[in-house]
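Number of protein chains: 2
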Amino acid sequence: MIILDGKKLRDKILADLKIRLDAMPVKPTLAVILVGDDPASEIYVNNKQKTAQNLGINSVVLKYPAQLSENELLEKINELNNDTAVSAILVQLPLPAHIDKNKIINAICPAKDVDGLTAQNLGLLFSGQTPMVFPATPRGILLLLDEYKIEIEGKHVVVIGRSNLVGKPVSQMMLARNATVTTCHSYTKNLADITKSADIVVCAIGEKIITNSMLKSGCVVVDVGISLDSSGKVTGDVEFEGASKIASYITPVPGGVGPMTIAALMLNTVDLLAAQQV
Amino acid sequence: MIILDGKKLRDKILADLKIRLDAMPVKPTLAVILVGDDPASEIYVNNKQKTAQNLGINSVVLKYPAQLSENELLEKINELNNDTAVSAILVQLPLPAHIDKNKIINAICPAKDVDGLTAQNLGLLFSGQTPMVFPATPRGILLLLDEYKIEIEGKHVVVIGRSNLVGKPVSQMMLARNATVTTCHSYTKNLADITKSADIVVCAIGEKIITNSMLKSGCVVVDVGISLDSSGKVTGDVEFEGASKIASYITPVPGGVGPMTIAALMLNTVDLLAAQQV
Chain A
1 MIILDGKKLR DKILADLKIR LDAMPVKPTL AVILVGDDPA SEIYVNNKQK TAQNLGINSV
61 VLKYPAQLSE NELLEKINEL NNDTAVSAIL VQLPLPAHID KNKIINAICP AKDVDGLTAQ
121 NLGLLFSGQT PMVFPATPRG ILLLLDEYKI EIEGKHVVVI GRSNLVGKPV SQMMLARNAT
181 VTTCHSYTKN LADITKSADI VVCAIGEKII TNSMLKSGCV VVDVGISLDS SGKVTGDVEF
241 EGASKIASYI TPVPGGVGPM TIAALMLNTV DLLAAQQV
Chain B
1 MIILDGKKLR DKILADLKIR LDAMPVKPTL AVILVGDDPA SEIYVNNKQK TAQNLGINSV
61 VLKYPAQLSE NELLEKINEL NNDTAVSAIL VQLPLPAHID KNKIINAICP AKDVDGLTAQ
121 NLGLLFSGQT PMVFPATPRG ILLLLDEYKI EIEGKHVVVI GRSNLVGKPV SQMMLARNAT
181 VTTCHSYTKN LADITKSADI VVCAIGEKII TNSMLKSGCV VVDVGISLDS SGKVTGDVEF
241 EGASKIASYI TPVPGGVGPM TIAALMLNTV DLLAAQQV
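Order-wise, the sequence lines are chains A and B.
The first sequence runs 1 to 278 under the numbering used here.
The second sequence runs 1 to 278 under the numbering used here.
Written out as structure tokens, the structure is:
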């Protein structure tokens, strides 16, 4: 069994990216919008900002109180769309319940949509065209599988979860790489029968649901889940101990998909500026 | 075994739609662009035009020679986008090889995109938002299954084919209805093992590949394929005789999905005008 080491690959990607950035006469500017005071969101945003700054990416965090109105937020995004000094815009999710998330995301100019989540970019991805960027977590997952030369074409990939952030785009990107893809979720019956037929399992639910009896011997396990167990320890969707005895490759949590997401986000930030300069 | 009668439902939908259209003070105008002289395309376009006219939809067919340049076609679409008398635009596929299909489709204003194939509309569909319209064939398939009260939620739906016209959008629409969805294609290994686990099979390949030994007893079979067999007879992707002995419901070819596609296209045409009038 081989650990898919996301930290190691993240460090390698970021080191390469630093060289690329050092050679760029103009550096990207990433604007991150944070509404409210969700503690997890604050940690994510801080991590993104720190990583960006270490690379030489200009990072601006715009913090607003939870009471911010939808119209005020739309106006802010419009300003950032028109600000030629800003090359990338990220709206940290979740947003407060009174704000229509889709409306906000779709207001971002697709050329500055660093998460690849606007309808325009998702539509290009879905239809096999090239979006400005691919969503960060799926991009990170594919970079990690490619680093370990894990074949995707012709494999049965079972994706558990169907969010716009992870489950749906990773399903489509696997399909574009000629995998047979099954997308599962809370309504799926006989989940174990399906996962047992999988060559690659990608789990992005946020609940501990995958045990080793649900896996085929030699399969590849990608665990996107991040939650805290009863003792306050960071844990994933997969029972790692058991699964690691049956899988050929497995991502740890932490240290697997998480670091790859941030690496992919930094790649996206630089790619957007490069595309804008063409 | 029950035949999913697409002709009967088409007639019912079109009769209802005629009443709705008769009450509309302004009728929709559907502009169909046909480039080149593919005989199958001419038949499809004629059918669409005839059906539209019978309903009281204004239908204009713009025919161009195969040598038409991409820029000329883009210019034409731009004219139609700006023509307030035109409420719906359809570009008949396939286009000649020298024209970039995606570029042409994405040039259609999403509000007039009657096939629902622009990146913007596909992105809305993919991300679980509401596109202006859903692509006609998937919409037709769901209308047919709903007419026969076939449950989708929690079922395992196996879609064979991954085109932007049928396979991919029908997969997403089934997923949005809480089915577990597997998308198969030419790279899929052990196709029979997968189809045997399906509660609903949707086949959209254009090749006779589904035999009754590949199906689970009591499954629902939706055959989107249309091709001509060696004797020149219209036929689908499923061996109808055998499959009809094992399936609980099955679409015939012709008379199943084909008529539903045209009914859905007419619904889309009227829906677009209604949305433009809001």
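Backbone N, C-alpha and C define an ideal beta-carbon position, used for all residues, glycine too.
In the DSSP assignment, B:V257 falls outside any beta strand (DSSP E) and lies within the alpha helix (DSSP H) extending over V257 to Q277. A:K103 has its alpha-carbon roughly 25 Å from the corresponding atom of B:N164.
Rounded to the nearest angstrom, the gap between the Cα atoms of A:G128 and A:L143 is 18 Å. Listed along chain A, the residues sitting closer than 8 Å to B:R162 by beta-carbon distance are L175.
In the three-state reduction of the DSSP assignment, A:S227 falls in the strand class. In the structure shown, A:N54 falls within a helical segment according to DSSP collapsed to helix, strand and coil. Note: A:L142 is not bridge-paired with any residue in the DSSP secondary-structure output.
Between the beta-carbon of B:V257 and that of B:G6 there is about 6 Å, and that keeps the pair under the 8 Å contact cut.
At a cut-off of 7 Å between beta-carbon atoms, B:N102 makes contact with chain A.
In this structure A:K168 is in contact with B:F126, their Cβ atoms being roughly 6 Å apart against a cut-off of 8 Å.
Under the Cβ criterion of 7 Å, B:E153 is counted among the residues facing chain A. Where A:T182 is concerned, the enclosing beta strand (DSSP E) starts and stops at T180 to C184. Cβ neighbours of B:K63 within its own chain (closer than 7 Å, five residues either side excluded): L34. Within 7 Å of the CB of B:Q120, the CB atoms of chain A belong to A119, Q120 and G123, in sequence order along the chain. Bounds of the alpha helix (DSSP H) holding A:A176 are G167 to A176. The beta-carbon of B:V224 is placed no less than 7 Å from the nearest beta-carbon of chain A. B:I194 places its beta carbon less than 7 Å from that of B:T182. If you keep only unbroken beta strand (DSSP E) runs of at least 3 residues inside the region 32 to 96 of chain B, you get 58 to 64 and 88 to 91.
Assignment of beta-bridge partners to B:I3 by DSSP yields B:I250. Separation of the CB atoms of B:E239 and B:K208 is rounded to 7 Å, and the pair is thereby assigned contact status at 8 Å. By the Cβ rule, the region 183 to 191 of chain A does not count as touching the region 225 to 238 of chain A, because fewer than three pairs are nearer than 8 Å.
Cα atoms of B:L175 and B:P65: separation of roughly 40 Å, rounded to the nearest angstrom. With fewer than 16 other CB atoms across the displayed protein chains lying within 10 angstroms of its CB, A:V278 is exposed.
Taking 7 Å as the cut-off, the Cβ atoms of A:V222 and A:I150 do not count as close. Selection B:A204, B:S248 and B:R177 evaluated against B:I2 yields B:S248 as nearest (Cα-Cα).
Rounded to whole angstroms, the separation of the alpha carbons of B:P96 and A:E147 is 39 Å. Residue B:V170 holds the alpha-carbon nearest to the alpha-carbon of B:R139 among B:G123, B:T118, B:G36 and B:V170.
Check the Cα spacing between A:N58 and each of A:I200, A:T29 and A:Q172: the tightest is with A:T29. C-alpha of B:G36 to C-alpha of B:Q67: approximately 8 Å in a straight line. Around the beta carbon of B:H156, 16 or more other beta carbons sit within 10 angstroms, so the residue counts as buried. Interface flag for A:K189 against chain B is set, since a Cβ pair is found closer than 7 Å.
About 5 Å separates the beta carbons of A:I105 and A:L117, which is inside the 8 Å limit, making them a contact pair. Straight through space, the alpha carbons of A:R177 and B:A264 are spaced by roughly 31 Å. For A:V202, there are no neighbours in chain B by C-beta distance under 9 Å, as the nearest C-beta there is about 14 Å away. Taking a Cβ-Cβ threshold of 9 Å, none of the residues of chain A is close to B:S69; the smallest such distance is about 21 Å. In the displayed model, A:D115 falls within coil according to three-state DSSP, outside both helix and strand.
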